[in-house]
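K.L.:
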Amino acid sequence: MWSGVLPAVTTKFTADDTLDHKEMERCFGLYMEAGCDGLIVCGSLGEGPMLSHDEKLEVLATARAAAGGRPVLLTVNEAATRDAQALAKRAAKAGADGLMIVPSPIYHTNDRETVDTLNAVASAGGLPVMIYSNRVAYRVDVTVPVMEALAANDLFVAIKESSDDIRRTTEVINAFGDRFDVLTGVDNLAFEALAVGAVGWVAGLVTAFPRETVAIYQLMKAGRRDEALAIYRWFRPLLDLDVSTYLVQNIKLAETIEIGSNERVRMPRQPLAGARRAEVERIVREAINERPALPRLDRAA
2 MWSGVLPAVT TKFTADDTLD HKEMERCFGL YMEAGCDGLI VCGSLGEGPM LSHDEKLEVL
62 ATARAAAGGR PVLLTVNEAA TRDAQALAKR AAKAGADGLM IVPSPIYHTN DRETVDTLNA
122 VASAGGLPVM IYSNRVAYRV DVTVPVMEAL AANDLFVAIK ESSDDIRRTT EVINAFGDRF
182 DVLTGVDNLA FEALAVGAVG WVAGLVTAFP RETVAIYQLM KAGRRDEALA IYRWFRPLLD
242 LDVSTYLVQN IKLAETIEIG SNERVRMPRQ PLAGARRAEV ERIVREAINE RPALPRLDRA
302 A
């Protein structure tokens, strides 16, 4: 159902900490122009846990208006299952094309609790679901046995595989074939995941460098592996910025430098400062100065 490059977009704020819909519309439009295949809003990078349900639905509406008919998924990352169910219902009424569900971001569920929670939230929304498996950030691992228990529910159609173990992609495909769309959710494992069968990339640095991200995916899809690898090797220092406690600040600073956006975040986060800021600026500016020429791409490939 879902494949290609789906940016996990950042949420933009005004100077007085309200949603900046105009800037989000501009940025989302850049991703669509670059050839991205949809949008995922209000996730980890989108500061979803810092947003109210009303704000999440407002971001969803802005993304839908910018997406040009391409799918827009709302991330559900609530601490309490009943709150997640309420948001899933509202997202369905608001026209979301699907949900990306974090099993349990605060309490670390066991396998039975994980299965029951995911089923409860999916059923409440009635929308296709991408499971967000991220044992590093959220300490809940959606393993192959857990996916076996979920496979009977047709609402589960995809998994954002962020276990940080490249072997997991092959394990899921070996176990289920094409039952689930497997999308990589770790920027600096994207080439490796696409090489072993992932059909998509839920990307972070794409929000600052959309053309390069799309180029890697399209080249891999076309079998032009060496060309994709050359871009990926250039991209790696930037992609590493996604795998950090400070991924939101890192990527918003990259957006500020590369696409003229801003780095406003919602407290308790604060923009980078001092040596950490200087290092991220160095990485981004060096990459821009060494940016490779992109080969011609055929979107129909």
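Counting in my numbering, the sequence shown runs from 2 upward without gaps. Ideal Cβ positions, reconstructed from N, Cα and C, are used throughout, including at glycine.
(1) What would DSSP say about Asn263, mapped onto helix, strand or coil?
(2) Assuming the contact rule is C-beta atoms closer than 8 angstroms, Thr185 and Ala199 should be a hit. Round their C-beta distance to whole Å, please.
(3) Could you give the DSSP three-state label for Thr185: helix, strand or coil?
(4) Among the residues of its own chain, which have a CB less than 7 angstroms from the CB of Ala301, if the five just before and after it don't count?
(5) Have a look at Arg286 and Glu280 and give me their C-alpha separation to the nearest angstrom.
(6) Just checking: is the beta-carbon of Ile107 within a distance shorter than 7 angstroms of some beta-carbon in chain C?
(7) For Met2, does the count of other Cβ atoms within 10 angstroms reach 16, so buried, or fall short, so exposed?
(8) What did DSSP end up calling Lys13 once you bin it into helix, strand or coil?
(9) Alpha carbon to alpha carbon, how far is Ser164 from Val244?
(10) Among residues of its own chain, excluding the 5 on either side of Leu75, which ones have a beta-carbon nearer than 7 angstroms to its beta-carbon?
(11) Is any heavy atom of the ligand HEM found at a distance shorter than 6 angstroms from the C-beta of Thr208?
(12) Is the region 229 to 245 touching the region 180 to 195, taking contact as three or more C-beta pairs under 8 angstroms?
(13) Put Trp202 into one of helix, strand or coil per three-state DSSP.
(14) Find the nearest neighbour of Ser134 within the set Glu24, Met148, Lys161, Gln250, judged by alpha-carbon distance.
(15) Excluding five sequence neighbours on each side, which residues of the same chain lie with their C-beta closer than 8 angstroms to the C-beta of Glu48?
(16) Spell out the partners DSSP gives Ala159 in its beta bridges.
(17) Closest to Ala152 by CA distance: which of Asp179, Asp166, Asp142 is it?
(18) Taking 7 angstroms as the threshold (C-beta atoms), are Leu88 and His54 in contact?
(19) Is the region 231 to 239 touching the region 205 to 219, taking contact as three or more C-beta pairs under 8 angstroms?
P.N.:
According to the structure data:
(1) As a working note, residue 263 is residue 262 in the sequence shown. Looking at Asn263 - three-state DSSP - the assignment turns out to be coil, as it is neither helix nor strand.
(2) By one-based count along the sequence shown, residue 185 stands at place 184. By one-based count along the sequence shown, residue 199 stands at place 198. Rounded to whole angstroms, the Cβ separation of Thr185 and Ala199 is 5 angstroms, and the two are in contact under 8 angstroms.
(3) Residue mapping note: residue 185 aligns to position 184 of the sequence shown, counting from 1. Three-state result, Thr185: strand.
(4) Position 300 of the sequence shown, counting from 1, holds the residue named residue 301. Caution applies to Ala301, whose pLDDT of 45 falls short of 50 and renders its modelled position unreliable; the model cannot decide the point.
(5) The residue labelled residue 286 in the question sits at position 285 within the sequence shown. The residue labelled residue 280 in the question sits at position 279 within the sequence shown. Rounded to the nearest angstrom, the two C-alpha atoms are 10 angstroms apart.
(6) Among the chains in the structure shown there is no chain C, since it carries only a single protein chain.
(7) In the sequence shown, residue 2 corresponds to position 1, counting from 1. So Met2 ends up on the exposed side.
(8) Numbered from its first residue, the sequence shown carries residue 13 at position 12. DSSP places Lys13 in coil when its eight states are reduced to three.
(9) By 1-based counting over the sequence shown, the position of residue 164 is 163. By 1-based counting over the sequence shown, the position of residue 244 is 243. Spanning the two alpha carbons is a distance of roughly 12 angstroms.
(10) Reading the sequence shown from its first residue, position 74 is the one you call residue 75. Short of 7 angstroms from the beta carbon of Leu75, and not among the five residues preceding or following it, lie these beta carbons of its own chain, in chain order: Val42, Cys43, Lys57, Leu61, Ala92, Ala97, Leu100.
(11) Summarising the ligand content, the structure contains no ligands, and the ligand HEM is consequently not present.
(12) Because the criterion of three Cβ pairs below 8 angstroms is met, the region 229 to 245 and the region 180 to 195 touch.
(13) Your numbering for residue 202 matches position 201 in the sequence shown. Look at Trp202 here: in three-state DSSP terms it is strand.
(14) By 1-based counting over the sequence shown, the position of residue 134 is 133. The option with the nearest alpha carbon to Ser134 is Lys161.
(15) In the sequence shown, the residue the question calls residue 48 occupies position 47. Within the same chain, Glu48 has close Cβ partners Thr11, Thr12, Val249, Val266, Arg267, Arg270.
(16) One-based indexing of the sequence shown puts residue 159 at position 158. Answer by DSSP bridge pairing, in chain order: Met131, Asp182.
(17) Position 151 of the sequence shown, counted from the first residue, corresponds to residue 152. The option with the nearest alpha carbon to Ala152 is Asp179.
(18) Position 53 of the sequence shown, counted from the first residue, corresponds to residue 54. Position 87 of the sequence shown, counted from the first residue, corresponds to residue 88. Result yes, Cβ atoms of His54 and Leu88 sit closer than 7 angstroms.
(19) With the cut-off at 8 angstroms, the region 231 to 239 and the region 205 to 219 touch.
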